[in-house]
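*Asks:*
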Amino acid sequence: MDVRDFLISEVLTSKSLIPAHSINGRLAEIRRDRIKQPVIYIGTGSCGLVAGAGKTLKAVKQYLDEKSIDAEIVEVGCIGLCSSEPLMDVQIPGKSRISFNNVDSTMVETILNDIFNGIVPSGNVLGQFLNPLHEAWTSVEDISMLPFFRYQHRIVLANCGKSDPQSISDYIARGGYQTYLKCLNNYTAEKVCDIIDESGLRGRGGGGYPTGRKWKTAHNSVSDQKYLVCNAAESDPGAFMDRAIIEGDPHLLLEGISIAAYAVGATKAYIYIMADYQQAIKNLKLAIAQMKEYALSGYNIYRSGTDLQINVVVSPGAFVCGEETALINSIQGKRAMPAPKPPYPAIEGLFKKPTVINNVETLANVPFILRHGPQVFNSIGTVNSKGTKVFAVTGKSALTGLIEIEMGTTLKDLIFKIAGGIKNDKHFKAVQIGGPSGSCVPEQQLDLPVDYESLWEAGAIMGSGGMVVMDENTCMVDMVKFFMNFLQQESCGKCIPCREGTRRIHEILENITRRPPSETGHEVLERFKGIMQLDGLAEVIRDTSLCGLGQTAPNPLISAMKWFRDEFEEHVFDRKCRAGVCKELRVFYIEVDKCTGCVACLRKCPTNAIVGQPRQPHFIIEDKCIGCGICYDVCKFVAITIK
Amino acid sequence: MPSSIEEICLKYKKGSREALLPVLQEIQDNIGYLSEEAIVYVGSHLNLPSSKVYGIATFYDHFRFVPRGRFHISVCGGTTCHIEGSMTLLREIDKLLKIHDGQVTRDGVFSLQVVNCMGACSKAPVICINGEFHTVISPDDLALLFNDIRKNQG
Chain A
1 MDVRDFLISE
11 VLTSKSLIPA
21 HSINGRLAEI
31 RRDRIKQPVI
41 YIGTGSCGLV
51 AGAGKTLKAV
61 KQYLDEKSID
71 AEIVEVGCIG
81 LCSSEPLMDV
91 QIPGKSRISF
101 NNVDSTMVET
111 ILNDIFNGIV
121 PSGNVLGQFL
131 NPLHEAWTSV
141 EDISMLPFFR
151 YQHRIVLANC
161 GKSDPQSISD
171 YIARGGYQTY
181 LKCLNNYTAE
191 KVCDIIDESG
201 LRGRGGGGYP
211 TGRKWKTAHN
221 SVSDQKYLVC
231 NAAESDPGAF
241 MDRAIIEGDP
251 HLLLEGISIA
261 AYAVGATKAY
271 IYIMADYQQA
281 IKNLKLAIAQ
291 MKEYALSGYN
301 IYRSGTDLQI
311 NVVVSPGAFV
321 CGEETALINS
331 IQGKRAMPAP
341 KPPYPAIEGL
351 FKKPTVINNV
361 ETLANVPFIL
371 RHGPQVFNSI
381 GTVNSKGTKV
391 FAVTGKSALT
401 GLIEIEMGTT
411 LKDLIFKIAG
421 GIKNDKHFKA
431 VQIGGPSGSC
441 VPEQQLDLPV
451 DYESLWEAGA
461 IMGSGGMVVM
471 DENTCMVDMV
481 KFFMNFLQQE
491 SCGKCIPCRE
501 GTRRIHEILE
511 NITRRPPSET
521 GHEVLERFKG
531 IMQLDGLAEV
541 IRDTSLCGLG
551 QTAPNPLISA
561 MKWFRDEFEE
571 HVFDRKCRAG
581 VCKELRVFYI
591 EVDKCTGCVA
601 CLRKCPTNAI
611 VGQPRQPHFI
621 IEDKCIGCGI
631 CYDVCKFVAI
641 TIK
Chain B
644 MPSSIEEICL
654 KYKKGSREAL
664 LPVLQEIQDN
674 IGYLSEEAIV
684 YVGSHLNLPS
694 SKVYGIATFY
704 DHFRFVPRGR
714 FHISVCGGTT
724 CHIEGSMTLL
734 REIDKLLKIH
744 DGQVTRDGVF
754 SLQVVNCMGA
764 CSKAPVICIN
774 GEFHTVISPD
784 DLALLFNDIR
794 KNQG
């Protein structure tokens, strides 16, 4: 019996959720727990490819060809440890799977040579995946005991980087889609909504609206057609959870979508995904085709009378597309501009029909809840925030990547225990949670537990899950300026406070960090006037904008001004940037003993601020200097220093 | 007009508004950018004024209205790359190639675009030239890199 027929007849149509003992062996084979030939797994998620996994993959293929070794190569998604990419795992029959980090193409030969001879290579070993079916390698650490993995609680990312994302059989052999069919056969749509409501799942896209309640609203509204939309328009710079889920475990998302569509009564589902996510789109389209092959989508799925069609809509990209009503407009071929609510999309959404819009991570939680029951999910997390949350941790932390934690874990644990603290022994300064419209959390607030309420009380938001760690070399003013620049570019332009206000904030911050040629003109006045207006401006934008983007736009500014006011004042009054990031505020001077008078800097200076005779020490006229730093770069004698 | 524009449009139902963005995307994928004639033709096919088509297309970041250079440079503008100095890279590219975000060099060899996070935050700053990634790149490396590309393409 071929794999498809076997899985359909023995697993998908079987009554019990626990596979019969007689088929366990075959299932283990399908999910590659029991293998006849060596398997090499390579992490070719986007982060892996950027780090050079493509070259590693090529080197592995070449190696296998040269030595004529019969082995299987599996391209997996990201396991979450992006800072150690490219990752390569090797599993030889009878032995447990062993993982190597930072494998560039030159190391492939040494590592594979050693491992095929039964020796553990000396370097680059990350750990091994323990499995009772296999003999463990001696003196190799269990991968789940590494600090990075040990303190995580993985529900959504459980199989990312481990299972083959391009194979539906692998997913089904791990228990996938059985929950969906169980729902179709045993539960009414209402019951599914109730279960989700009872589990306490809340939207992971940022707002935190209870998912069950949203589903019920849509379920109860009467219409001939309802829609489900999966929001994968993740365009926050520095967040990539949704991409990793889709690349690493697309079927988990699709099962979540299928269950959600059944619960709300939608027969059409759209996945709205960023155009930049080429790899994710490819995996997703393949996965949808496989679902059809297994008759899991289409008409009258497994004789349940349920229809479902899943379409991928590629977003031409804009940050505001993540807002529900803007997203609906975009699917309808209009500008992605938010519309006033109510009517809420759950009552009148896409093509004026009831529409449920859920984030990728929210939907990816759904199969787990229905499989294990709402009580299991309910027991994870805090009183009001249940379950886990995935964060994309980037910036100056020692390890960067995807971290899924139980709600209520403190930021300190997240950054110092899991992500390994700050790299290069620098000092922690702040962490930006929630992307460009989130807030920064300073050192004194690190004991804050991560859940919706605590973050809200501290003036921060959960956001979609971007987390940027900053050390002492990061300038807060520059950071806020970066976010404001992003937001003013991405503002859709509908509401004047958001469109013009973010631009004004950006201009004021530019004024603070720019060095005027003279300190006498109106520029000084503008600067002081600006800083006095910032607070008021931020308030107006927050109170008078229509959508979430506008309402949260001033957040980075408000929080940075609250916690790092001294840094802003230093920029305004002392014209100094303690982190040395604001280039124009640097003051250069020439050390007389070191200057040989080579005239290199004098020739390059764009404002003729350097004077001097050849073979005589030069001088910088401070009033003329714009702080561009060209002289600093061209000086071969290290004679130019920053004050 | 390249016949492919017509062919692409024919795949979509006449006058259907939801087809607008997919049509434009497919044309851009095939031809590389949205030319004036493409916009006019799409407008007539979907019964929309070309001003509206242009208005919607310019709203989204993804659409281009000039052809790309032969070597398309994407600079990561994500938060981490920003912290690690992607602005310095942009300034350096501006100095070396005299192009800004969204522009093409006069000889049509290079074009530049700032993109959202590419997800290689641990290896920041990152740039990508025609699908090939260059990680932990410093401004000094850029001159060498561009010279190599110029030399190789003759």
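Quick mapping for you: the protein sequence lines, in order, are chains A and B.
Be aware that the first sequence starts at 1, since it is given in the working numbering, and climbs by one per residue.
Be aware that the second sequence starts at 644, since it is given in the working numbering, and climbs by one per residue.
Where is the CB? At the ideal position from N, CA and C, for every residue including glycine.
This structure is a prediction, so every number in the text was calculated from the model and none was measured.
(1) Is the CB-CB distance between A:Arg503 and A:Val572 below 9 Å?
(2) Under 9 Å, Cβ to Cβ, is there at least one residue of chain B near A:Pro436?
(3) Spatial neighbours of A:Phe483 within its chain, please: CB distance less than 7 Å, with the 5 preceding and 5 following residues excluded, ordered by chain position.
(4) Under 8 Å by Cβ, that's how I've got B:Tyr676 and B:Arg711 pegged, so tell me the actual separation to the nearest angstrom.
(5) Do A:Ile98 and A:Val39 have their beta-carbon atoms positioned less than 9 Å apart in this structure?
(6) Any C-beta of chain A within less than 7 Å: which residues of the segment 701-717 of chain B qualify?
(7) Could you name each continuous beta strand (DSSP E) segment of 3 residues or more that falls completely within the segment 6-85 of chain A, going from the start of the chain to the end?
(8) What residues from chain A crowd round B:Lys766, counting only those whose CB sits closer than 7 Å?
(9) What did DSSP end up calling A:Asp566 once you bin it into helix, strand or coil?
(10) Does DSSP put A:Lys423 in a helix, in a strand, or in coil?
(11) Quick check on the DSSP output: the beta strand (DSSP E) that includes B:His715 runs from which residue to which?
(12) Whole angstroms is fine: what's the gap from A:Val313's alpha carbon to A:Thr552's?
(13) Ignoring anything shorter than 3 residues, give me the beta strand (DSSP E) runs that lie fully in the segment 378-434 of chain A, in order along the chain.
(14) Mind listing which residues of the segment 314-336 of chain A have their C-beta closer than 9 Å to chain B's C-betas, in chain order?
(15) Pick from A:Asp276, A:Arg213, A:Val50: whose alpha carbon is nearest that of B:Gln756?
(16) Near A:Leu687, which residues of its chain fall below 7 Å by C-beta distance, leaving aside the five closest residues on each side in sequence?
(17) If contact is defined by three or more beta carbon pairs under 8 Å, each pair taking one atom from either stretch, is the segment 445-452 of chain A in contact with the segment 471-480 of chain A?
(18) The alpha helix (DSSP H) that contains B:Ser754, what's its start and end?
(19) Determine which residues share a DSSP beta bridge with A:Asn131 and list them.
(20) Out of A:Phe240, A:Asp236, A:Gln290, A:Gln225, state which residue places its alpha-carbon closest to the alpha-carbon of A:Ala261.
(21) Taking only beta-carbon atoms, is B:His688 less than 9 Å away from chain A?
(22) So the candidates are A:Lys396, A:Leu399, A:Val390, A:Gln178; which of them puts its Cα closest to the Cα of A:Gly408?
(23) Would you call the segment 146-156 of chain A and the segment 45-54 of chain A in contact, with 3 or more CB pairs under 8 Å?
(24) Taking only beta-carbon atoms, is A:Pro345 less than 9 Å away from chain B?
(25) Is there a Cβ from chain A that is less than 9 Å from the Cβ of B:Ile780?
(26) How about B:Thr722: is its C-beta nearer than 9 Å to some C-beta of chain D?
(27) Is it a yes or a no for the segment 477-491 of chain A touching the segment 528-535 of chain A, going by three-plus beta-carbon pairs under 8 Å?
(28) State buried or exposed for A:Trp563, treating a residue as buried only when at least 16 other CB atoms are found within 10 Å of its CB.
(29) Are any of the Cβ atoms in chain B nearer than 9 Å to that of A:Gly395?
(30) For A:Asp170, count the other beta carbons within 10 Å of its own beta carbon; 16 or more makes it buried, fewer makes it exposed. Which is it?
(31) So what does DSSP say about A:Tyr272, is it helix, strand or coil?
(32) Hey, is the segment 536-555 of chain A in contact with the segment 576-587 of chain A, meaning 3+ C-beta pairs nearer than 8 Å?
(33) Against chain B, which members of the segment 399-430 of chain A pass a CB distance test of less than 7 Å?
(34) What separation, rounded to the nearest whole angstrom, lies between the Cα atoms of A:His251 and A:Glu500?
(35) By the criterion of Cβ-Cβ separation under 7 Å, what are the contact partners of A:Asp276 in chain B?
(36) Per DSSP, what are the beta-bridge partners of A:Asp471 in this structure?
*Replies:* Reading it off the structure:
(1) no
(2) yes
(3) Pro436, Pro556
(4) 7 Å
(5) no
(6) Phe702, Tyr703, Asp704, His705, Phe706
(7) 39-43, 72-76
(8) Val50, Ala51
(9) helix
(10) helix
(11) 714-719
(12) 27 Å
(13) 388-395, 401-406, 428-433
(14) Val314, Ser315, Pro316, Gly317, Ala318, Phe319, Cys321, Ser330, Ile331, Gln332, Gly333, Lys334, Arg335, Ala336
(15) A:Asp276
(16) Since the displayed chain A opens at 1 and closes at 643, residue 687 of chain A lies outside it and no answer follows.
(17) no
(18) Not the alpha helix (DSSP H): B:Ser754 falls in the beta strand (DSSP E), residues 753-758.
(19) Answer is none; A:Asn131 lacks a bridge partner.
(20) A:Gln225
(21) no
(22) A:Val390
(23) no
(24) no
(25) no
(26) No chain D appears in the structure shown, which is made up of the protein chains A and B.
(27) no
(28) buried
(29) yes
(30) buried
(31) strand
(32) no
(33) Thr400
(34) 43 Å
(35) Val758, Asn759
(36) A:Phe428
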